[in-house]
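Colleague: Residue numbers (my numbering): 20 to 246. C-beta: ideal position from N, C-alpha, C; glycine also. Being a predicted model, the structure only gives us computed values, none of them experimental. Mind having a look at this structure? Questions to follow.
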Amino acid sequence: MKLNSCSILLNLLILQYFSVLCLSQDFDFFYFVQQWPGSYCDSRQSCCYPKTGKPAADFGIHGLWPNYKDGGYPSNCNPDSRFDKSEISDLISTIEKEWPTLSCPSNDGIKFWTHEWVKHGTCSESELDQREYFEAALKLKQKVNLLQALTNAGIKPNDEFYELEDIKDAIKEAVGFTPGIECNVDSSRNSQLYQVYLCVDTSGSEFIECPVLPRPRCGSRIQFPKF
């Protein structure tokens, strides 16, 4: 009986150790990811507008994701940290505008934001609590207007095709750092501008040069679809 008790105690201590280790997990930088709604809706069978109505024809926040320099990333770091809408109640109207959901069925966005906090945000708790996490993403969105940067370079969401390097250059000109570009493929097999990755320091406040970028999987010329 004593042996079993000791074994149970040892297992609890090991679990506690790994729990603390996970909660205190460090990371090297953030990916700040924005997505083009026209590409999301053009290549998925299930695209629904949120209950607040059709989002603006603008890039929307997808997430602020802690990452490692080796290309890996932490996730779901604190199962005890739940999304609490009351902590960001005064930010909701702005989040609805800048961080809209396009998933089906049409919803109020809570499921989307909960997922982003639980999977990614909890891994930044050494730097940002829940409110600071969402505030950081909104402030980063205010710092860079991707659509304006592209439009200034003559790159518009008009279903036309543009050189991938021209898109990167236009964004770098506006932000000062090289972006990562993620493409998707529509039903006509067109490679489309889908998501833009910018790297941010661990405070969540300043853009930096990316230590590593995701594989683009884009053609040399990609479509910028209407929305």
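Whole angstroms are fine: how far does the CA of isoleucine 186 sit from the CA of glycine 57?
Modeller: Spanning the two alpha carbons is a distance of roughly 16 Å.
Colleague: Taking only the alpha-carbon atoms, compute the straight-line gap between glutamine 214 and threonine 221 and give it to the nearest angstrom.
Modeller: Rounded to the nearest angstrom, the two C-alpha atoms are 21 Å apart.
Colleague: Give me the Cβ distance between cysteine 237 and isoleucine 190, rounded to the nearest whole Å; I'm assuming they're in contact under 8 Å.
Modeller: With a Cβ gap of about 14 Å, cysteine 237 and isoleucine 190 do not count as contacting.
Colleague: On the CB-based measure, 16 or more other CB atoms within 10 Å of its CB, does isoleucine 33 come out buried or exposed?
Modeller: Only weak support is given to the placement of isoleucine 33: the predicted model assigns it a pLDDT of 41, under 50, and the value that follows is read from those uncertain coordinates. By the neighbour-count rule (16 or more Cβ atoms within 10 Å), isoleucine 33 is not buried but exposed.
Colleague: Taking its Cβ as the centre, do 16 or more other Cβ atoms sit within 10 Å of serine 43, making it buried, or is it exposed?
Modeller: A caution first: serine 43 carries a pLDDT of 44, below 50, which makes its placement in the model too unreliable to give a value.
Colleague: Residue range of the beta strand (DSSP E) that isoleucine 80 falls in?
Modeller: Segment 79-86, the beta strand (DSSP E) holding isoleucine 80.
Colleague: When the Cα of aspartate 45 is compared with those of Asn209, Asn86, Pro98 and Lys130, which residue comes out closest?
Modeller: Nearest C-alpha to aspartate 45: Asn86.
Colleague: Three or more C-beta pairs under 8 Å: does that hold for the segment 66-75 against the segment 89-103?
Modeller: Result no; under three Cβ-Cβ pairs closer than 8 Å.
Colleague: Compare the beta carbon distance of leucine 83 and alanine 193 with 8 Å and say whether it is the shorter of the two.
Modeller: No, the pair does not count as a contact, with Cβ atoms beyond the cut-off.
Colleague: If we ignore side chains and look at the alpha-carbon of each, how far apart do phenylalanine 226 and serine 94 end up?
Modeller: Straight-line Cα distance between these residues: approximately 22 Å.
Colleague: Write down the C-beta distance between phenylalanine 51 and leucine 217 rounded to the nearest angstrom, noting that I regard them as a contact closer than 8 Å.
Modeller: Their Cβ separation, rounded to whole angstroms, is 5 Å, which keeps phenylalanine 51 and leucine 217 in contact under 8 Å.
Colleague: Give every residue of the same chain whose Cβ lies closer than 6 Å to the Cβ of aspartate 127, excluding the five residues on either side of it in the sequence, and list them in chain order.
Modeller: Hits under 6 Å: Lys70.
Colleague: Counting only the same chain and skipping the five closest in sequence on each side, list residues whose C-beta sits under 8 Å from that of glutamate 228.
Modeller: Taken in chain order, the residues that qualify are Phe196, Thr197 and Cys218.
Colleague: Three-state secondary structure (DSSP) at phenylalanine 131?
Modeller: Looking at phenylalanine 131 - three-state DSSP - the assignment turns out to be helix.
Colleague: Please list the segments of the alpha helix (DSSP H) lying wholly inside the segment 144-222, counting only runs of 4 or more residues, in order along the chain.
Modeller: Entirely contained in the segment 144-222, the alpha helix (DSSP H) runs reaching 4 residues are, in chain order, 149-162, 165-171 and 183-194.
Colleague: Using 10 angstroms around the beta-carbon of threonine 141, count the other beta-carbons present and answer buried if the total reaches 16, otherwise exposed.
Modeller: Threonine 141 should be labelled buried.
Colleague: Any contact between the segment 167-178 and the segment 141-153? By contact I mean 3 or more CB pairs, one from each, below 8 Å.
Modeller: With a cut-off of 8 Å, the segment 141-153 and the segment 167-178 do not count as touching, because too few Cβ pairs lie within range.
Colleague: What residue range does the beta strand (DSSP E) around tyrosine 50 cover?
Modeller: Start and end: 48-54.
Colleague: For a quick check, are the C-beta atoms of alanine 243 and glutamate 179 less than 8 Å apart?
Modeller: The residue asked about is misnamed: residue 243 is phenylalanine in this sequence, not alanine. Result yes, Cβ atoms of phenylalanine 243 and glutamate 179 sit closer than 8 Å.
Colleague: Report the three-state DSSP secondary structure of leucine 42 (helix, strand or coil).
Modeller: Confidence at leucine 42 is low in this model, with a pLDDT of 46, below 50, so its placement is unreliable and the value that follows should be read with caution. Leucine 42 falls in the helix class under three-state DSSP.
Colleague: Starting from isoleucine 241 and walking both ways along the beta strand (DSSP E), at which residues does that stretch end?
Modeller: Its beta strand (DSSP E) spans residues 240-242.
Colleague: By Cβ distance below 6 Å, which residues in the same chain neighbour phenylalanine 131 in space, the five residues on each side in sequence not counted?
Modeller: Correct list, in chain order: Thr120.
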